[in-house]
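In the working numbering, the protein residues as written are 82 to 239. Here is the structure we will look at.
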Amino acid sequence: MRPLIQAWYRWGDRELDRPVDLPPRDSFDPGPWNALVGSTGERLAAKQLWRTGRKVLYRNYRPKEGGEVDIVYREGDTLVFGEVKTRTRGKFGDPSKSVTRAKEKLVIRGANAWLRELNHPEVQFRFDIIEVLLHEGELPRIQVIENAFTTPQTGLGM
């Protein structure tokens, strides 16, 4: 590996170990600010998953049939469909509380499309919520809530 690429990997990998430094909220319109916070949270969540031995397979999966999954990853033999929720302030409560039943249905729809593409529906899978807290000047806090929700038909991952 070339030295410049190695240096970039080391720098990028340390993003989880640096205090949060987001641009001022008032320098953005609300839409772009929320997009910046959301994409930062998803990037940090993927790095944390990798750091803890999970293998990220895909980010921002949006099948043509509808649905969406923020992160698809493997943990051992389990395929995981993850919904990332990022917050910069604590006044709105736990990020996972903002995952509504409608949002769960979108993730389940995206997961079903992924499983159809695999042509192997017997695979073990689950749905996680990954909470990312970005408080200015503090290290990012990331928590994975495993089996955060289930499909309504069976109450299981499948």
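All C-beta atoms in this analysis are idealised placements derived from N, C-alpha and C, irrespective of residue type, glycine included.
For this session: Would you mind stating whether Ile-210 and Gln-129 have Cβ atoms separated by less than 9 Å?
Result: No, the Cβ-Cβ distance between Ile-210 and Gln-129 is not below 9 Å.
Exercise. Would the beta-carbon of Arg-99 fall within 9 Å of that of Glu-123?
Worked result: With contacts defined as CB atoms closer than 9 Å, Arg-99 and Glu-123 fail to qualify as a contacting pair.
Exercise. Which whole-angstrom value is the C-beta distance of Thr-232 and Ile-189, which I expect to be below 8 Å?
Worked result: The C-beta distance from Thr-232 to Ile-189 rounds to 6 Å, short enough to meet the 8 Å contact threshold.
Problem set entry | Nearest-angstrom Cα separation, counted from Glu-156 out to Glu-185 | Roughly 20 Å separates the two Cα atoms.
For this session: Classify Asn-200 as helix, strand or coil using the three-state DSSP reduction.
Result: Residue state, collapsed to three classes: coil.
Problem set entry | Boundaries (first-last residue) of the alpha helix (DSSP H) holding Gln-129 | Per DSSP, the unbroken alpha helix (DSSP H) holding Gln-129 starts and ends at 111-132.
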